[in-house]
Amino acid sequence: MGLGSLALFMTGMWAMVLAVAAFLVAFVAPIGFYLFGSEGSRVTVSAIQATIAIVAVIALVFGLSRMKRIYLQRKLRL
C-alpha cells in the first residue's frame, strides 16, 4: 500500500499540472481570437491572457497543496 499510494499521489499531481497546462494552451492562448476576432488590441488581449494564466496557476498551487495535505493526513493516521 505504501508505494502504490505514493505512485497514485504522484500520478494525480502530474495529471493536475498537465490539465492546467492543456487548459492554458488550448483555451487561453487563442482567447484573443475568440473574444475580439482580429480587431482586439494586443495589450488588452495579453492582459486578459496573463490574468487568466495567473489565476489558473494560483488555483493549481492551492489544489496541489490541498492534495498534499490530504495525502499526509492519511499517511500519518495509518
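Under our numbering, the first residue of the sequence shown is numbered 12, with each subsequent residue one higher.
Even for Gly, the Cβ is constructed at its ideal location relative to N, Cα and C.
Would you report the Cα separation of residue i and residue j, rounded to the nearest angstrom?
i, j, result
"A3", "Y45", "The chain is shown from 12 up to 89; residue 3 falls before or after that span and cannot be answered."
"L83", "E50", "50 Å"
"A70", "G13", "28 Å"
"V36", "L87", "38 Å"
"I42", "I81", "35 Å"
So residue i packs on residue j, CB below 8 Å; how close in whole Å?
i, j, result
"G23", "M78", "6 Å"
"F34", "A67", "6 Å"
"V39", "Q60", "5 Å"
Can you list, in chain order, the residues of its chain whose CB lies under 8 Å from that of residue i, leaving out five sequence neighbours each side?
i, result
"F47", "T55, V56"
Exercise for the section: Determine, using beta-carbon pairs with one atom in the segment 20–27 and one in the segment 73–85, whether at least three such pairs fall under 8 Å. Expected result: yes
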